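Listed in order, the protein sequences are those of chains A and B.
Note that my numbering has the first sequence beginning at 1, numbered continuously upward.
Note that my numbering has the second sequence beginning at 126, numbered continuously upward.
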Amino acid sequence: MNKYDKALMIFIVVTSVFMYGTLEWFVRSTTSDQVVAVVYYEDREVLRIDMKEDRNYVVDGALGDVFIEVAGGRIRVEKETSPYHLCSIQGWVQYANIPIVCLPNKIVIIIQNGTLNPDDPDVIS
Amino acid sequence: MKHRSSARRLTLMTMLLAMSILLHMVEPALPIPVPGVKLGLANIVGLITLFLFGVKEMITVNVMRVVMASLLRGILFGTGFWLSLSGVLLSTLVTILLYKQNKLSKIGLSVASGAFHGIGQIGALILINNTVMMIYWLPMLWFSSVPTGYVTGTLSVQVLKRLKVTERNRV
Numbered sequence: 001m002n003k004y005d006k007a008l009m010i011f012i013v014v015t016s017v018f019m020y021g022t023l024e025w026f027v028r029s030t031t032s033d034q035v036v037a038v039v040y041y042e043d044r045e046v047l048r049i050d051m052k053e054d055r056n057y058v059v060d061g062a063l064g065d066v067f068i069e070v071a072g073g074r075i076r077v078e079k080e081t082s083p084y085h086l087c088s089i090q091g092w093v094q095y096a097n098i099p100i101v102c103l104p105n106k107i108v109i110i111i112q113n114g115t116l117n118p119d120d121p122d123v124i125s
Numbered sequence: 126m127k128h129r130s131s132a133r134r135l136t137l138m139t140m141l142l143a144m145s146i147l148l149h150m151v152e153p154a155l156p157i158p159v160p161g162v163k164l165g166l167a168n169i170v171g172l173i174t175l176f177l178f179g180v181k182e183m184i185t186v187n188v189m190r191v192v193m194a195s196l197l198r199g200i201l202f203g204t205g206f207w208l209s210l211s212g213v214l215l216s217t218l219v220t221i222l223l224y225k226q227n228k229l230s231k232i233g234l235s236v237a238s239g240a241f242h243g244i245g246q247i248g249a250l251i252l253i254n255n256t257v258m259m260i261y262w263l264p265m266l267w268f269s270s271v272p273t274g275y276v277t278g279t280l281s282v283q284v285l286k287r288l289k290v291t292e293r294n295r296v
């Protein structure tokens, strides 16, 4: 092994550490672990809600306004115009694998980056 | 060890190709705890071919090895084939360029070959999967080329020493 071999090896080790650090920083800065609820109207994202902030929101549904409430890290449809009011009857949702679907209003609310319901039979822990 | 006869030369090259195919096919069975990292044992034969015969023969043996091993495994023109081929083409090209520079020893050439094999594979992965995030794998492959290249380079040196071949006394 000559001095050029050693220089090459040192170069590779240093650049690999540098590359790893840069990529780690890039991934951390571009991805977020913030829990958000995404509201879709006809598969189109219309609202992104921070689940940490207790607030009320109103979105346009197919049959009228849909009132959404966030409190204590949970989300619900407070009231809406529909024949059976199924999504407001569903009540509070806090798990990422349980969506709220207001079919007559074509509104779907899905929590992202949140925890999963441990009682759900499809969850592998 | 001078072999002027073309039949002998062809036989030797065929034997080297057979050995490289064997190493290429046996290697996935070796237990290495880090996923995606391989020793690159077939690279030993590539280096031996370079020092025994020359540049053109190294390209032939390396490319034929990938084609034949993929054919035998039944993955010709599959994802694994393109990954191997892109890695081998880039690593062979870089090894030849560095060999012409005449600065690195066989161990250095082996390390460089391993490093650029990883880059070629990641490049192919990015193109095939259409996602730049595959580059996340690169630092580990790039880093692992130092120990694996050292091992394969040392083995090549030992084999060439036993074959008593010097760079001036090629086949």
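Yeah, the Cβ is synthetic: ideal placement off N, Cα and C, and Gly gets one too.
Since the model is a prediction, treat every value here as computed from it, not as a measurement.
From residue i to residue j, what distance separates their C-alpha atoms?
| i | j | result |
| --- | --- | --- |
| B:I340 | A:Y40 | What is shown of chain B runs 126 to 296, which leaves residue 340 of chain B out entirely. |
| B:V284 | B:G278 | 10 Å |
| B:Q246 | B:L263 | 9 Å |
| A:Q94 | A:G114 | 8 Å |
| A:R55 | A:L103 | 23 Å |
| A:V77 | A:S88 | 5 Å |
| B:S130 | B:T136 | 10 Å |
| B:L142 | A:M1 | 27 Å |
| B:I260 | B:R133 | 44 Å |
So what does DSSP say about residue i, is it helix, strand or coil?
| i | result |
| --- | --- |
| B:F178 | coil |
| B:K286 | helix |
| B:F206 | helix |
| B:N168 | helix |
| A:D50 | strand |
| A:Y95 | coil |
| B:V159 | coil |
| A:A71 | strand |
| A:N56 | strand |
| A:Y84 | coil |
| A:K79 | strand |
Could you name the residues of chain B that residue i contacts, counting a contact when the two beta carbons are closer than 7 Å?
| i | result |
| --- | --- |
| A:L133 | No answer is possible for residue 133 of chain A: it lies beyond the span of chain A, which begins at 1 and ends at 125. |
For residue i, which residues from the same chain have a beta carbon less than 7 Å from its beta carbon, with the 5 sequence-adjacent residues on both sides left out?
| i | result |
| --- | --- |
| B:V188 | V213 |
| B:H149 | A167, R190, A194 |
Among residues of its own chain, excluding the 5 on either side of residue i, which ones have a beta-carbon nearer than 8 Å to its beta-carbon?
| i | result |
| --- | --- |
| A:V59 | V39, Y41, V46, L47, D65, V66, I68, I107 |
| B:M138 | T174, F178, E182, T185, V186 |
| B:L215 | F241, H242, I244, G245, G248 |
| B:V257 | I251 |
Could you tell me whether the Cβ atoms of residue i and residue j are closer together than 8 Å?
| i | j | result |
| --- | --- | --- |
| A:I100 | A:Q90 | yes |
| B:G165 | B:L266 | no |
| B:M144 | B:V180 | no |
| A:I12 | B:V282 | no |
| A:A37 | A:I75 | yes |
Report the neighbours of residue i on chain B: residues whose CB is nearer than 8 Å to its CB, in chain order.
| i | result |
| --- | --- |
| A:S29 | Under the 8 Å cutoff, chain B gives no residues; its nearest Cβ is about 14 Å from A:S29. |
| A:M1 | S230, I232, G233 |
Which chain A residues are close to residue i, counting only those with a beta carbon under 8 Å from its beta carbon?
| i | result |
| --- | --- |
| B:V257 | Correct list: empty, because the minimum Cβ distance to chain A is about 10 Å. |
| B:Y261 | L23, V27 |
Please check if any C-beta of chain D sits within less than 8 Å of the C-beta of residue i.
| i | result |
| --- | --- |
| A:D5 | Here chain D cannot be found, since the structure's protein chains are A and B. |
So, at 6 Å on beta carbons, what are the nonlocal neighbours of residue i in its own chain, with the 5 sequence-adjacent residues on each side left out?
| i | result |
| --- | --- |
| A:V35 | M51, N113, G114 |
| B:G274 | S235, V236, G239 |
Name the chain A residues that come within less than 7 Å of residue i, Cβ to Cβ?
| i | result |
| --- | --- |
| B:P307 | The shown model of chain B, from 126 to 296, leaves out residue 307 of chain B, and the question about it has no answer. |
| B:A240 | I12 |
| B:S270 | I12 |
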